[in-house]
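Asks: Structure in structure tokens, see below.
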Amino acid sequence: MHEEMLDVRGQRLRLQRGGDGSAVVFLHGAGGANWTPLHDRLAADWQLIAPEHPGFGRSEIPEWMMSVGDLAFFYLDMLDKLEAPSVHLVGHSLGGWLAAEIAVRSTKRITSLSLMAPAGVAVPEAPFDDIFLWTPEEGARRNYYNVALAEARIAAQGNVDMDLFLQNRAGLARLAWSPRLENPQLHYWLHRIDVPTLLIWGREDRVIPYACHSPYMREISQARLVTLDACGHASHTEAADRVGTELNAFFRSVSR
Amino acid sequence: MKTFFFHLMPYADLDLSYVEQHNSAWVTLPNSYFDRQKGFALYDRYLGELELADQLGFDGICVNEHHQTAYGIMPAPNVIAGALARSTKNAKIAVLGRALPLVNNPVNIAEEFAMLDQMSGGRLITGFVRGIGSEYFASSINPTLSHERYYEAHELILKAWTQTGPFRYHGRHFQFEYVNIWPRPFQEPHPPVWVPSQGSMETIVWAAASERRYTYLQTFSPLKNAKKAFDAYRTAAQDSGYEADASQIGWAVPIYVGETDEGAREELRPHIENFFNRFLRFPFEMRFPPGYSSIASTKSLIESKVLARANATSLEALMELGMVVCGSAATVRDRLNYLQDELGFGNLIAMLQVATLPADLTEKNLRLFASGVMPHLNGARERGHKVSAAE
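Going line by line, the protein sequences match chains A and B. With numbering that gives the first Met the number 0, the residue at position 251 of the first sequence is 250, and numbering never jumps. With numbering that gives the first Met the number 0, the residue at position 153 of the second sequence is 152, and numbering never jumps.
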């Protein structure tokens with residue numbers, strides 16, 4: 000993996016890259032741009048490109064960028080800048096919401112779409128709890144089904160870079176404070192997504208509840224759902240092997 | 000020194016055992032804790048206490064805005080100020096303040112303040128605040144835009160007060176085709192603007208700038224922080240090309256006057272401890288939502304939170320820090336005069352009712368303060384208080 004700064008219409012964006020082959024763009028969730036074992040797994044077979052969202056970590060946010068919709072247009076500009084004509088677009092949580100917002104605008108540069116527990120679309124029977132009131136400990140417990148993983152995460156919190164943590168929280172709030180983690184208009188536009196789409200969701204998700212998969216499944220014609228039993232919100236770490244296997248098989252099955 | 004009585008209007012009947020089930024007196028504390036039968040009596044009592052302060056010769060009375068909390072049942076302080084505009088005669092009425100970023104129509108704030116200024120015959124002092132962190136949970140306004148919205152709403156309100164309408168206003172957050180308020184405010188060019196804060200340097204420098212010269216009010220903070228803030232204000236004024244007058248600086252502090260030092264402490268103790276430990280209680284995440292403060296100041300708050308937890312708040316600890324003034328009339332006036340010399344504030348904002356302090360002790364506090372302290376404060380004679388008027 001290496002890092003680079005990409006200029007997108009005057010805006011400097013931090014990217015992490017690894018591997019060779021067809022391009023896969025991975026959009027991170029609220030926790031920020033972490034290179035995880037899943038990233039390594041994907042980079043073994045593909046050219047993985049993982050940008051850090053503007054407003055998070057070391058990527059600056061331009062003054063005009065006020066919503067996930069603005070960020071979606073920005074990422075369409077970024078896709079135009081990449082040498083790859085078309086990419087497999089993957090997003091987790093906030094990143095999944097973002098990937099859906101990008102795809103409803105244009106799939107011109109998208110070969111396939113993978114949404115892992117995406118935020119963005121809520122269903123009345125399973126409202127989101129308020130992520131912004133959680134202590135770091137509560138946040139860790141909410142992210143994992145496996146208690147041991149949550150406790151390990153909590154034990155490691157003393158090593159967290161506080162500047163990065165606070166910057167990521169502010170970056171999330173800027174885009175997703177109100178309505179919380181949701182765009183109530185988005186489900187009207189999901190039908191525009193006309194590429195093969197894979198939904199991956201932990202059945203025990205206590206951040207973005209599993210029940211939220213239904214509007215995506217209903218509205219996206221080429222959608223398939225993978226349900227992960229005994230898995231919480233952080234499926235990219237809690238079930239990294241299974242998710243890696245599913246994504247690899249999905250990318251291979253899709254040609255354009 | 001001018002003296003004001005500041006009422007927070009707490010829900011004094013709060014069942015304090017709520018802490019066994021809830022971690023906050025704000026936003027998430029179920030309003031089933033509010034007894035419908037008790038609200039009328041509380042508002043009647045609190046309005047009476049503010050009216051008594053007017054009768055006792057305080058220079059002003061103050062109210063403020065907080066939402067969805069037992070800490071203060073004044074989500075719309077201008078409603079209270081409207082009642083006071085009719086029932087008081089002499090005191091300034093200070094609304095400290097309205098939280099500008101929380102509204103989507105700041106012109107409403109300009110209109111309401113203009114009404115109050117007219118109804119009170121120019122006795123209005125306006126306060127412009129951002130609102131504390133919990134208000135961003137209560138209002139759903141984005142905390143990362145708090146500063147921007149504050150400055151823009153301020154600009155719009157000042158224009159609405161001072162420029163002939165109708166005019167267009169197209170800002171980043173607020174857009175209006177017609178701004179043309181009726182009534183215009185009574186005072187020329189507009190009512191005084193006060194800026195209450197807990198010591199943000201950015202706010203201090205902004206308030207002190209020569210084109211504004213807004214009175215800066217330091218609330219709920221240890222003496223050393225207040226001194227630092229006031230020094231920063233005076234320095235910022237000098238940097239802006241003028242000498243700040245003491246009238247531009249205010250200090251807000253809970254004060255309790257009893258017959259003796261010992262008696263005063265015993266009377267105040269449970270109530271001030273309730274105030275800090277029960278009413279001013281919220282989790283860190285609620286108090287400081289993301290982006291509400293800069294990363295540097297949020298980090299220093301996280302560190303100070305660790306310290307604050309280590310020292311459970313007691314009356315003695317609070318007095319030691321200078322966050323509460325308590326004692327006999329002689330003790331309190333000597334202490335206040337000493338602090339006024341040290342800190343150089345021209346406005347003393349006395350919080351004479353806090354939390355569960357009952358009606359009888361609140362009235363005694365008001366009367367002892369008015370008779371035994373107020374006439375002896377620095378500069379009291381120049382503004383016409385007569386020592387012989389003391390009861």
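Just so you know, even glycine gets a beta-carbon here, dropped at the ideal spot from N, CA and C. A quick note: this is a predicted structure, and the numbers were derived from the prediction, not measured.
In this structure, how does DSSP classify Arg-308/B when only helix, strand and coil are distinguished?
Replies: Annotation note: pLDDT 49 at Arg-308/B (below 50); position unreliable, no value reported.
Asks: Please state whether the Cβ-Cβ distance between Gly-243/A and Arg-40/A is less than 8 Å.
Replies: In contact: Gly-243/A and Arg-40/A (Cβ atoms closer than 8 Å).
Asks: Strictly below 7 Å CB to CB, what residues from chain A border Thr-68/B?
Replies: The contacting residues do not exist; Thr-68/B stays about 15 Å from chain A at best.
Asks: In this structure, what does DSSP give as the bridge partners for Gln-166/A?
Replies: None, per the DSSP bridge assignment.
Asks: Just the C-alpha distance for Ala-258/A and Pro-183/A, rounded to the nearest angstrom, thanks.
Replies: In the structure as shown, chain A starts at 0 and stops at 255, and residue 258/A therefore has no counterpart that could be examined.
Asks: Taking Ala-154/A as part of the alpha helix (DSSP H), name the residues at either end of that continuous run.
Replies: Where Ala-154/A is concerned, the enclosing alpha helix (DSSP H) stretches over 146 to 154.
Asks: Tell me which residue opens and which closes the alpha helix (DSSP H) that His-38/A is part of.
Replies: Counting along the chain, the alpha helix (DSSP H) containing His-38/A begins and ends at 36 to 42.
Asks: Hey, would you say the C-beta of Arg-183/B is under 7 Å away from at least one heavy atom of the ligand MN?
Replies: For the ligand MN, the structure offers nothing, since it holds no ligand at all.
Asks: Which term fits Arg-191/A, buried or exposed, when burial requires 16 or more other beta carbons within 10 angstroms of its beta carbon?
Replies: When all chains shown are included, Arg-191/A counts as exposed.
Asks: Between Glu-261/B and Gly-326/B, what straight-line distance do the alpha-carbon atoms span, to the nearest angstrom?
Replies: Roughly 7 Å between the two C-alpha positions.
Asks: Taking the alpha helix (DSSP H) that Arg-191/A belongs to, which residues open and close that run?
Replies: Segment: none, Arg-191/A is in no alpha helix (DSSP H) and carries neither H nor E.
Asks: Starting from the Cα of Pro-53/A, find the closest Cα among Arg-104/A, Arg-168/A, Tyr-143/A, Gly-20/A and give me that residue.
Replies: Checking every option, the nearest Cα to that of Pro-53/A belongs to Arg-168/A.
Asks: Apply the 10 Å Cβ neighbour rule to Arg-171/B and answer buried if 16 or more other Cβ atoms are within range, or exposed otherwise.
Replies: Label assigned to Arg-171/B: exposed.
Asks: I'd like to know whether the C-beta of Glu-154/B is nearer than 8 Å to at least one C-beta of chain A.
Replies: No, Glu-154/B does not count as interfacial toward chain A.
Asks: Could you give the distance in angstroms between the alpha-carbon of Asp-240/A and the alpha-carbon of Gln-217/B?
Replies: For Asp-240/A and Gln-217/B, the distance between alpha carbons rounds to 56 Å.
Asks: In or out: Thr-161/B buried (at least 16 other Cβ within 10 Å) or exposed?
Replies: Counting Cβ neighbours within 10 Å, Thr-161/B comes out exposed, since fewer than 16 surround it.
Asks: What residues are listed by DSSP as bridge partners for Leu-224/A?
Replies: According to DSSP, Leu-224/A bridges with Leu-198/A.
Asks: How long is the line joining the alpha carbons of Leu-171/A and Glu-136/A, rounded to whole angstroms?
Replies: Their Cα atoms are separated by approximately 18 Å.
Asks: Could you give the uninterrupted runs of the beta strand (DSSP E) lying entirely in the segment 88 to 148 of chain B, keeping only those of 3 residues or more?
Replies: Runs of the beta strand (DSSP E) inside the segment 88 to 148 of chain B: 91 to 98, 123 to 128.
Asks: I'd like the list of long-range same chain contacts for Val-208/B, defined as Cβ closer than 6 Å, with 5 residues on each side in sequence excluded.
Replies: The question names Val, but residue 208/B in the sequence shown is Ala. Closer than 6 Å at Cβ, skipping near neighbours: Ser-239.
Asks: What in chain A is Cβ-close to Pro-100/B, meaning under 7 Å?
Replies: Going along chain A, no residue has its Cβ under 7 Å from Pro-100/B, so there is no contact; the nearest lies around 12 Å.
Asks: Using the three-state DSSP reduction, which class does Val-62/B fall into: helix, strand or coil?
Replies: DSSP places Val-62/B in strand when its eight states are reduced to three.
Asks: Where does the unbroken beta strand (DSSP E) through Thr-2/B begin, and where does it stop?
Replies: Element bounds for Thr-2/B: 1 to 5.
Asks: From Val-23/A, Ser-21/A, Thr-35/A, pick the residue whose C-alpha is nearest to that of Ala-238/A; which is it?
Replies: Checked all of Val-23/A, Ser-21/A, Thr-35/A; the closest Cα to Ala-238/A is Thr-35/A.
Asks: Please state whether the Cβ-Cβ distance between Ile-140/B and Pro-190/B is less than 8 Å.
Replies: No, Cβ-Cβ distance for Ile-140/B and Pro-190/B is not below 8 Å.
Asks: Going by other Cβ atoms of all chains shown within 10 Å of its Cβ, with 16 needed for buried, is Ala-309/B buried or exposed?
Replies: In this prediction, Ala-309/B scores a pLDDT of 46, lower than 50, which makes its location untrustworthy; the coordinate-derived value is nonetheless stated afterwards. It is exposed - the Cβ of Ala-309/B has fewer than 16 other Cβ atoms within 10 Å.
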